[in-house]
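Undergrad: Protein chains in written order, with my numbering: chain A, 1 to 307; chain B, 308 to 614. Cβ atoms here follow ideal geometry from the backbone N, Cα and C, with glycine treated the same way. Quick one: the structure is below, questions incoming.
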């Protein structure tokens, strides 16, 4: 089985949507990526940090999905990263109510020895220096390095972000972030500019409007599944990235044609994530549900025009 | 050859976008629908009205595309419908600067005798009573009636609009209009509610975010082609509808599977429309360009996951 190394936050989230609010629940980019990737046939490990306030049941949940957590540092006396946010009525935008970095502030990632030869590396949202440090520790060049980031690092750590972006094959960001990073409004132009910063593949996530994959002059598009209700968008982008990286890891094929499939798998998994609060839906999800919905994606997008 | 009957405005538009502005140029729903449908193998006629200020060269243009204009009334001493609008910087929204109904105010549509047995009827945006009157004049039940409308009629003539909607098979409206008509925010719920108003097929146009086709529990999605620049969105929705109706007319197949193809053809043609001001691009477009871009649509959307 191929190995997927996942870096990103493991966190507490408190979420408000028009449909309700949660107390502190399990969250974090690496959590969503790990859960999503666990639907594929692979070995995975998470590199991250939590405090000793982090419940054993959450650690057990990760382990039960065959995720190696030997690289998940538990800081004695430390408090876990906490994020709290409130979504607007259309669920397309949100306000951050609180961010407590806690143990993340001094985090020095340590890649487990067994994963220094990982096939695929998924650098989830975290400080670009942490993302770089993980790449520095690899003993073999991964077949593919995927990076996810957000506007926060463009505002606060742009030089470091640009350094790590140079070193990755695929970048996944949302449409507004692509515009901010490139200075271009047109997403086609934005992707072209981001190509020149390093990544050969640029994935632009548009939330309910789907996702675009750019590679030189080639483009692929996957819609989001039209849903009756979107309950909570938290983690959808990470779940998408986890599905993308998970499928690539399982299939050992980094061609553009196969990345199209990976984008569909990512969109498929993300369509479940938004149906309940936080990780709730992903935790209960069966592989049979995932396959059934993949059929819906085919019928949603495939047509038969002779050319 | 099958017959397509087109109803809608034939007009003068004056357009401002961030890229420039036009004087009075050729516009109107029926104009865009007719030009777009002319890329298919069919006979078509436009039912509409203009004043005698309408230039002969515009009439000649329609005729040169094999569009029958015997149902396009020219009112002596009358002035042609005029619309003027300014697009915002993102081109997703616009302000109407001026609307002069002129000859449209008293328009009584007359369907040419030869087209009273049309196979497909495309009711482009116009007063719902005009749309109804055209249906009343048909001597044979068309295989498919497609209706396009806009929020203006929902505000000003809702009872008349609901009457004509009952009589059509397909409705095409944009996302905001679908929400207004149904009172539902979720487009899935909106489409379900609009089904109960009459149309078996509901097409929701999302501009740069593509288009959805709903039929009971089935959904199909076509993206808009990602473009480096969108120059002027005027007429894109009508061009889409014209491509949809034109392909259905040519293919004589009103199954859901074939409507998927029609949605793709509509999206493909609309992708050209937005590249220049008004009808400029559609007038110069070659069939070979249309076919070439259809290949781009395939590679943009088609994937190969075994299920």
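Taking C-beta pairs closer than 9 Å, name the residues in chain B that residue 210(A) reaches, listed in chain order.
TA: Along the first chain, one-based indexing puts residue 210(A) at 210. Here the neighbours are 516, 517, 528, 530.
Undergrad: If you measure beta-carbon to beta-carbon, which residues of the region 320-334 of chain B are closer than 7 Å to chain A?
TA: none
Undergrad: Name the residue from 531(B), 522(B), 563(B), 585(B) whose alpha carbon lies nearest to the alpha carbon of residue 542(B).
TA: Your numbering for residue 542(B) matches position 235 in the second chain. When each option's Cα is compared against that of residue 542(B), the closest is 585(B).
Undergrad: Beta-carbon of residue 228(A) versus every beta-carbon of chain B: anything under 8 Å?
TA: By one-based count along the first chain, residue 228(A) stands at place 228. Interface residue, yes.
Undergrad: Would you call residue 261(A) buried or exposed, if buried means 16 or more other Cβ atoms sit within 10 Å of its Cβ?
TA: Translated into positions along the first chain, residue 261(A) becomes position 261. Counting every other CB atom within 10 Å of its CB across the protein chains shown gives residue 261(A) a total of 16 or more, marking it as buried.
Undergrad: Taking only runs of the alpha helix (DSSP H) that begin and end inside the region 324-352 of chain B, which ones reach a length of at least 4 residues, in chain order?
TA: 336-344
Undergrad: Verify the CB distance criterion: does residue 304(A) have a CB-CB separation below 8 Å to chain B?
TA: For the purposes of this step, residue 304(A) is taken as residue 304 along the first chain, with counting starting at 1. So, interface residue.
Undergrad: Whole-angstrom Cβ separation of residue 550(B) and residue 512(B), contact assumed at under 8 Å?
TA: For the purposes of this step, residue 550(B) is taken as the residue at position 243 of the second chain. For the purposes of this step, residue 512(B) is taken as the residue at position 205 of the second chain. Actually they do not touch by this definition, with Cβ atoms about 12 Å apart.
Undergrad: Can you tell me whether DSSP reads residue 80(A) as helix, strand or coil?
TA: Reading the first chain from its first residue, position 80 is the one you call residue 80(A). Of the three classes helix, strand and coil, the one that applies to residue 80(A) here is coil, per DSSP.
Undergrad: Evaluate contact between the region 94-112 of chain A and the region 64-78 of chain A, counting only Cβ atoms and requiring at least three cross-stretch pairs below 8 Å.
TA: yes
Undergrad: Which residues, taken in chain order from the region 278-301 of chain A, show a beta carbon closer than 9 Å to some beta carbon of chain B?
TA: Shown in chain order are the members of the region 278-301 of chain A whose Cβ falls below 9 Å from a Cβ of chain B: 291, 294, 295, 296, 297, 298, 299, 300, 301.
Undergrad: Can you give me, in chain order, the residues of the region 173-203 of chain A that have a beta carbon less than 9 Å from any beta carbon in chain B?
TA: Answer in chain order: 185, 186, 187, 188, 189, 191, 192.
Undergrad: Between which two residues does the beta strand (DSSP E) containing residue 174(A) stretch?
TA: Here residue 174(A) refers to the residue found at position 174 of the first chain. That run of the beta strand (DSSP E) goes 170-174.
Undergrad: With H, G and I counted as helix, E and B as strand and the rest as coil, what does DSSP make of residue 487(B)?
TA: The residue given as residue 487(B) occupies position 180 in the second chain. Helix.
Undergrad: Given residue 402(B), which residues of its chain have a CB within under 8 Å of its CB, disregarding the five upstream and five downstream residues?
TA: Here residue 402(B) refers to the residue found at position 95 of the second chain. Once the five neighbours on either side are set aside, the close Cβ partners of residue 402(B) are 392, 393, 395.
Undergrad: Let's see if you can read the secondary structure: which residues bound the alpha helix (DSSP H) around residue 572(B)?
TA: In the second chain, the residue the question calls residue 572(B) occupies position 265. Looking at the DSSP string, the run of the alpha helix (DSSP H) that includes residue 572(B) is 563-580.
Undergrad: Looking at the structure shown, is residue 68(A) part of a helix, part of a strand, or coil, going by DSSP?
TA: Position 68 of the first chain, counted from the start, is the residue given in the question as residue 68(A). Looking at residue 68(A) - three-state DSSP - the assignment turns out to be strand.
Undergrad: Per DSSP, residue 213(A) forms a beta bridge with which residues?
TA: In the first chain, residue 213(A) corresponds to position 213, counting from 1. The partner list for residue 213(A) (beta bridge, DSSP) reads 203(A), 220(A).
Undergrad: Could you pull the start and end residues of the beta strand (DSSP E) that residue 473(B) belongs to?
TA: Taking the first residue of the second chain as 1, we reach residue 473(B) at position 166. Element bounds for residue 473(B): not the beta strand (DSSP E) but the alpha helix (DSSP H), 465-473.
Undergrad: Quick one: list the residues of chain A neighbouring residue 571(B), beta-carbon separation under 8 Å, in chain order.
TA: For this step, residue 571(B) is matched to residue 264 along the second chain. Chain A residues near residue 571(B): 303, 305.
Undergrad: Quick check on DSSP: helix, strand or coil for residue 415(B)?
TA: Your numbering for residue 415(B) matches position 108 in the second chain. Three-state DSSP puts residue 415(B) in coil, outside helix and strand.
Undergrad: Quick check: the Cα distance between residue 617(B) and residue 217(A), rounded to an integer number of angstroms?
TA: With chain B covering 308 to 614 only, the question about residue 617(B) has no answer from this structure.
Undergrad: Measuring only between beta-carbons, confirm whether residue 260(A) sits less than 8 Å from chain B.
TA: By one-based count along the first chain, residue 260(A) stands at place 260. It does: the Cβ of residue 260(A) has a partner Cβ on chain B nearer than 8 Å.
Undergrad: Using a 10 Å radius around the Cβ and a threshold of 16 neighbouring Cβ atoms, would you call residue 613(B) buried or exposed?
TA: Against the second chain, residue 613(B) aligns to sequence position 306. By the 10 Å Cβ count, residue 613(B) comes out exposed.
Undergrad: Under 6 Å Cβ to Cβ from residue 297(A), same chain only, skipping five residues before and after it: list those, please.
TA: Here residue 297(A) refers to the residue found at position 297 of the first chain. Answer for residue 297(A): 264, 268, listed in chain order.
Undergrad: Please classify residue 207(A): is it buried, with 16 or more other beta-carbons within 10 angstroms of its beta-carbon, or exposed?
TA: Along the first chain, one-based indexing puts residue 207(A) at 207. That one is buried.
Undergrad: Can you list, in chain order, the residues of its chain with a C-beta nearer than 7 Å to that of residue 200(A)? Leave out the 5 residues immediately preceding and following it.
TA: By 1-based counting over the first chain, the position of residue 200(A) is 200. Closer than 7 Å at Cβ, skipping near neighbours: 169, 215.
Undergrad: How long is the line joining the alpha carbons of residue 98(A) and residue 14(A), rounded to whole angstroms?
TA: Looking up residue 98(A) in the first chain gives position 98. Looking up residue 14(A) in the first chain gives position 14. If I take the Cα positions, the gap works out to 9 Å.
Undergrad: On a CA-only basis, which of 281(A), 294(A), 73(A) is nearest residue 52(A)? Give me that one, please.
TA: Counting from one through the first chain, the residue named residue 52(A) turns up at place 52. The shortest Cα separation from residue 52(A) among 281(A), 294(A), 73(A) belongs to 73(A).
Undergrad: Using C-beta distances below 7 Å, list every residue in its chain close to residue 187(A), excluding the 5 sequence neighbours before and after it, in chain order.
TA: If you number the first chain from 1, residue 187(A) lands on position 187. Closer than 7 Å at Cβ, skipping near neighbours: 175, 178, 204, 212.
Undergrad: What would DSSP say about residue 598(B), mapped onto helix, strand or coil?
TA: For the purposes of this step, residue 598(B) is taken as the residue at position 291 of the second chain. It is helical.
Undergrad: Between the region 415-433 of chain B and the region 555-562 of chain B, do at least 3 Cβ pairs fall closer than 8 Å?
TA: With three or more CB-CB distances shorter than 8 Å, the region 415-433 of chain B counts as touching the region 555-562 of chain B.
Undergrad: Hey, residue 517(B) and residue 548(B): beta-carbon distance below 8 Å or not?
TA: Taking the first residue of the second chain as position 1, residue 517(B) is located at position 210. Taking the first residue of the second chain as position 1, residue 548(B) is located at position 241. In this structure, the beta-carbon distance from residue 517(B) to residue 548(B) does not fall below 8 Å.
Undergrad: Could you check whether residue 467(B) and residue 436(B) sit closer than 8 Å to each other, using their CB atoms as the reference points?
TA: One-based indexing of the second chain puts residue 436(B) at position 129. One-based indexing of the second chain puts residue 467(B) at position 160. Cβ distance < 8 Å, so residue 436(B) and residue 467(B) count as in contact.
Undergrad: Does the region 335-354 of chain B come within contact of the region 533-540 of chain B, defined as at least 3 CB pairs closer than 8 Å?
TA: no
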